[in-house]
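What follows is a set of notes on a single structure, which appears directly below.
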Amino acid sequence: MTPERSERFETYYRLLTEWNERMNLTAITEREAVYEKHFYDSLTLAFHLDPDGIGRIADIGSGAGFPGLPLKICFPHLQVLIVDSLGKRIRFLEHLTAELGLSGVTCLHARAEDAARIPEHRDGYDLVTARAVARMNVLSELCLPFARPGGLFAAMKGSDPAGEIAEAERALSELGGRIEAVHALRLPFEQASRHIVVVRKTGRTPARYPRKAGVPAKQPIV
88 MTPERSERFE TYYRLLTEWN ERMNLTAITE REAVYEKHFY DSLTLAFHLD
138 PDGIGRIADI GSGAGFPGLP LKICFPHLQV LIVDSLGKRI RFLEHLTAEL
188 GLSGVTCLHA RAEDAARIPE HRDGYDLVTA RAVARMNVLS ELCLPFARPG
238 GLFAAMKGSD PAGEIAEAER ALSELGGRIE AVHALRLPFE QASRHIVVVR
288 KTGRTPARYP RKAGVPAKQP IV
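Reading the sequence shown from the start, the letters are residues 88 to 309 in the numbering used here.
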């Protein structure tokens, strides 16, 4: 970790806790916990995927910027799209990226279902990430349309996702994805369980997906 990157993480922590006093960004505010459960947890993707082979990332439902912005801090070459449906979170993220001096970051205020139909974002990303957003069958419909054919979708989960993966079998088949790997790990201090489900996109997502905003969550593909 270079001094410049360490300083950026300190600024990230400071702004996160300051803005959290006036809007709900995170329930985790103690410094050590933020570093472990947000920053370190976000960077575990780089333990299993080669960032040097990735150019464009779409981070869906990013919340306070996880995992997209910690990855951007450590791997500056990445072009990062952050999609979030809440305008106040997007305002925080725009302020944060400006204060951190990060270029190549786009913060998009939109539902994932709508953003995935914008031509410049559809079928165009090397890696799509989502962290603790929804179950795998729902996430697959929200995220796979952003990935390029041959690209990856990485779902960051807590406990063992085997049940979710089985439940998502039809959704993955419909959307043009297949499970490539499931990586299990533990946070270094709390020892909490984490899993990264890696999906390879095998072809373009059919034009009918994603369905209208709210439908994937209410009527998941099963």
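Heads up, the beta-carbon is just placed ideally off N, CA and C, and yes, glycines get one too.
Because the structure is a prediction, the values reported are computed rather than measured.
By the Cβ rule, the region 250–258 does not count as touching the region 181–193, because fewer than three pairs are nearer than 8 angstroms. If you ignore the 5 residues before and after Arg287, its C-beta comes within less than 7 angstroms of the C-beta of Leu239, Gly264, Arg265 and Glu267, all in its own chain and listed in chain order.
For Arg178, there is no enclosing beta strand (DSSP E); the residue is part of the alpha helix (DSSP H) that begins and ends at Gly174 to Leu187. Taking a contact to require three or more Cβ pairs closer than 8 angstroms, the region 221–229 and the region 112–122 do not qualify as touching.
Within the DSSP secondary-structure output, Cys194 pairs in a beta bridge with Ile169. Shown here, Thr98 sits in a helix according to DSSP, grouped into three states. Of the residues Phe126, Asp213, Trp106 and Val121, the one whose Cα lies closest to the Cα of Met88 is Phe126. In the DSSP assignment, Gly264 is bridged to Lys288. In chain order, Pro293, Tyr296 and Ile308 place their CB closer than 8 angstroms to the CB of Glu261, counting only its own chain and leaving out the 5 sequence neighbours on each side.
Here Asp201 has Ala300 as same chain residues with Cβ atoms under 8 angstroms from its own Cβ, once five neighbours each way along the sequence are excluded. Under the three-state reduction of DSSP output, Thr104 falls in the helix class.
When DSSP states are grouped into helix, strand and coil, Ser280 belongs to the strand group. Judged by DSSP in its simplified three-state form, Phe153 adopts coil rather than helix or strand.
For Lys305, the uninterrupted alpha helix (DSSP H) run begins and ends at Val302 to Lys305, by DSSP.
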